[in-house]
Amino acid sequence: MKDPVRIAITGGAGQISYSLIFRIAAGDMLGPDQPVILQLLEIPQAMEALNGVVMELNDCAFPLVHDIVASDDANVAFKDADFALLVGSRPRGPGMERKDLLEANAAIFSAQGRALNDYASRDVKVLVVGNPANTNALIASCNAPDLDAGQFTAMTRLDHNRALTQLAQQTGKHVNDVENLIIWGNHSATQYPDIAQCQVDGKPALELVERDWYENDFIPTVQQRGAAIIKARGASSAASAASAAIDHMRDWALGCDAVVSMAVPADGSYGIEEGIIYSFPVRCQGGHYAIVQGFDIDAFSREKMQATENELREERSAVAHLLG
Ligand code: NAD
Ligand code: LMR
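When the sequence shown is numbered by the UniProt record's numbering, its final residue is 324 and no position is left out of the sequence of numbers.
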């Protein structure tokens with residue numbers, strides 16, 4: 001058996017965590033041979049609910065769970081953490097955009113960035129799920145000067161998975177048949193789900209669907225899927241968000257053959273300005289991700305990539321006081 005790794009999860013009593021923690025405990029994220037120590041963070045008012053979650057975890061008698069820490073102190077929850085999933089923050093309600101949460105949530109991520117900087121493992125892999133996820137990840141990273149900026153990522157895997165299914169259903173194929181689909185930019189309504197590079201069952205996707213469907217159905221459906229879930233469920237996505245978080249961390253830690261989408265620090269690739277956290281196509285291997293280079297960008301794509309970059313720059317300006 002391997003040595004246990006420490007996994008910090010914030011917002012442990014929230015709705016995403018109620019799915020996420022149990023799947024991690026069952027081995028879905030790091031495999032059936034990787035023991036885990038779960039380090040769960042909540043605010044003081046939610047500690048009783050978190051204790052209920054811990055009782056249920058204990059009642060599952062998961063073979064891989066070596067220990068569970070439940071705390072309202074980020075310094076305790078992040079101590080020596082190898083992985084940190086930053087979920088805890090307010091979700092939006094109907095009629096809100098995710099960036100409307102900036103004011104409510106931004107302070108959480110500056111404090112947690114500092115705690116990660118001071119207490120987490122030097123190799124910690126951080127995934128920000130709490131919205132607006134890209135800019136919250138930037139805030140956390142800027143408040144963790146002793147960690148590498150590349151250790152901070154934000155989640156666009158849910159958008160990627162949503163887009164895979166929309167395209168597979170439209171072409172009458174399976175999600176496993178879809179390759180090289182890309183989510184560019186922000187986890188917001190400006191994101192650009194791009195199928196220009198994409199093949200379905202080996203054929204160019206754009207030859208299999210109508211241009212009108214791509215521009216006027218597929219793109220807005222993926223961009224607005226979070227709002228559609230809120231309308232239908234009366235609460236934001238939870239199990240699908242947890243599943244995407246597991247996909248993101250599993251691929252980053254264990255590698256995967258496919259091109260997937262991750263929001264990572266822009267490094268100038270594809271002309272996107274450094275200093276924002278932007279979703280790119282990546283490949284993961286050996287515990288590292290790398291932005292896939294060389295995709296052709298036409299004028300339609302360039303305009304959409306620019307619009308979502310502009311939004312991320314605006315979000316960055318709005319939280320400039322938290323960026324250190
Ligand atoms: P929720 O309200 O059910 O749970 C959030 C939990 O976080 C609560 O239990 C709350 O007490 C806790 N919390 C608040 N501040 C905290 C802090 N400083 N430290 C630790 N815990 C804290 O919300 P949810 O549905 O689980 O969603 C959580 C976040 O994830 C929201 O911001 C939501 O918009 C976002 N989200 C992102 C994606 C994505 O694709 N990136 C998908 C779904 C949801
Ligand atoms: C989602 O995409 O489902 C989440 O970001 C929740 C939301 O506010 O849309």
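Glycine included, every Cβ here is placed at the ideal spot set by N, Cα and C.
These numbers come from a predicted model, not from an experiment.
What residues match up with residue 204 in a beta bridge as DSSP calls it? Walking along the sequence shown from the start, residue 204 turns up at place 204. According to DSSP, which records beta bridges pairwise, residue 204 is partnered with 199.
Tell me, please, whether the region 92-100 touches the region 136-143 by the rule of three or more beta-carbon pairs shorter than 8 Å. No contact exists between the region 92-100 and the region 136-143.
Give every residue of the same chain whose Cβ lies closer than 8 Å to the Cβ of residue 164, excluding the five residues on either side of it in the sequence, and list them in chain order. Sequence index remark: in the sequence shown, residue 164 carries index 164 (1-based). The residues 175, 178, 181, in chain order, have a CB closer than 8 Å to that of residue 164 in the same chain once the five nearest residues on each side in sequence are set aside.
Contact under 9 Å by Cβ, residue 76 with residue 87: The residue given as residue 76 occupies position 76 in the sequence shown. The residue given as residue 87 occupies position 87 in the sequence shown. In this structure, residue 87 does not lie closer than 9 Å to residue 76 by Cβ.
For residue 209, the three-state DSSP class (helix, strand or coil): Translated into the one-based positions of the sequence shown, residue 209 becomes position 209. Judged by DSSP in its simplified three-state form, residue 209 adopts coil rather than helix or strand.
Who pairs with residue 70 in a beta bridge, going by DSSP? As a first step, residue 70 is located in the sequence shown; it is residue number 70 there, counting from the start. DSSP links residue 70 through a beta bridge to 40.
DSSP three-state label for residue 29, please. If you number the sequence shown from 1, residue 29 lands on position 29. In this structure, residue 29 counts as coil in the three-state DSSP scheme.
Looking only at its own chain, which residues have a Cβ that is under 8 Å from the Cβ of residue 105, when we skip the five neighbours before and after it? Position 105 of the sequence shown, counted from the first residue, corresponds to residue 105. If we look at residue 105 and ignore the five residues flanking it on each side, its Cβ neighbours are 89, 90, 130, 131, 132, 136.
beta-carbon residue 90 near ligand 1 non-hydrogen atom, thresh 8 Å: On the sequence shown, residue 90 is found 90 positions in, with the first residue counted as 1. Yes - ligand 1 has a heavy atom lying nearer than 8 Å to the Cβ of residue 90.
For residue 179, write down the residues that DSSP places opposite it in a beta bridge. Residue numbering aside, residue 179 sits at position 179 when the sequence shown is read from its first letter. Paired residues: 199.
Nearest to residue 8 (by Cα), restricted to the options 19, 39, 24: Here residue 8 refers to the residue found at position 8 of the sequence shown. Nearest Cα to residue 8 within the set 19, 39, 24: 39.
Taking the beta carbon of residue 233 as the centre, do at least 16 other beta carbons fall within 10 Å, making it buried, or is it exposed? Against the sequence shown, residue 233 aligns to sequence position 233. By the beta-carbon neighbour count (other beta carbons within 10 angstroms, threshold 16), residue 233 is exposed.
Spatial distance of residue 170 from residue 227 (CA atoms): The residue you call residue 170 lines up with position 170 of the sequence shown. The residue you call residue 227 lines up with position 227 of the sequence shown. For residue 170 and residue 227, the distance between alpha carbons rounds to 21 Å.
Would you mind stating whether residue 50 and residue 12 have Cβ atoms separated by less than 9 Å? As a working note, residue 50 is residue 50 in the sequence shown. As a working note, residue 12 is residue 12 in the sequence shown. Result yes, Cβ atoms of residue 50 and residue 12 sit closer than 9 Å.
Use the C-beta contact count for residue 311: other C-beta atoms within 10 angstroms, 16 or more gives buried, fewer gives exposed. For the purposes of this step, residue 311 is taken as the residue at position 311 of the sequence shown. Classification of residue 311: buried, given that the 10 Å Cβ count is 16 or more.
Buried versus exposed call for residue 262 [16 or more other C-beta atoms within 10 Å across all chains shown]: As a working mapping, residue 262 is identified with position 262 in the sequence shown. Residue 262 should be labelled buried.
Cβ of residue 51 versus every heavy atom of ligand 1: is any distance shorter than 8 Å? Translated into the one-based positions of the sequence shown, residue 51 becomes position 51. No, since every heavy atom of ligand 1 falls outside the 8 Å radius drawn around the Cβ of residue 51.
Using 8 Å for Cβ pairs, my map puts residue 156 next to residue 183. What's the rounded Cβ distance? In the sequence shown, the residue the question calls residue 156 occupies position 156. In the sequence shown, the residue the question calls residue 183 occupies position 183. For residue 156 against residue 183, the beta-carbon gap comes to about 5 Å, under 8 Å, which counts as contact.
Roughly how many angstroms separate the alpha carbons of residue 245 and residue 316, rounded to a whole number? Within the sequence shown, numbered from 1, the residue matching residue 245 stands at position 245. Within the sequence shown, numbered from 1, the residue matching residue 316 stands at position 316. For residue 245 and residue 316, the gap between their C-alpha atoms comes out near 23 Å.
Sequence-distant residues of the same chain with beta carbon closer than 7 Å to residue 290, five excluded per side: For this step, residue 290 is matched to residue 290 along the sequence shown. In chain order, 282, 283 place their CB closer than 7 Å to the CB of residue 290, counting only its own chain and leaving out the 5 sequence neighbours on each side.
With a Cβ-Cβ cutoff of 9 Å, do residue 240 and residue 229 count as a contact? By one-based count along the sequence shown, residue 240 stands at place 240. By one-based count along the sequence shown, residue 229 stands at place 229. Cβ distance < 9 Å, so residue 240 and residue 229 count as in contact.
Please say whether residue 116 and residue 154 have beta carbons closer to each other than 9 Å? Stepping through the sequence shown from its first residue, residue 154 is reached at position 154. Stepping through the sequence shown from its first residue, residue 116 is reached at position 116. No, they are not a contact pair.
Report the rounded CA-to-CA distance for residue 59 versus residue 124, giving the unit in angstroms. The residue labelled residue 59 in the question sits at position 59 within the sequence shown. The residue labelled residue 124 in the question sits at position 124 within the sequence shown. Roughly 29 Å separates the two Cα atoms.
Please report how far the alpha carbon of residue 53 lies from the alpha carbon of residue 23, in whole angstroms. Reading the sequence shown from its first residue, position 53 is the one you call residue 53. Reading the sequence shown from its first residue, position 23 is the one you call residue 23. Between the alpha carbons of residue 53 and residue 23 lies a distance of about 13 Å.
Can you check DSSP and say which residues form a bridge with residue 185? In the sequence shown, the residue the question calls residue 185 occupies position 185. According to DSSP, which records beta bridges pairwise, residue 185 is partnered with 279.
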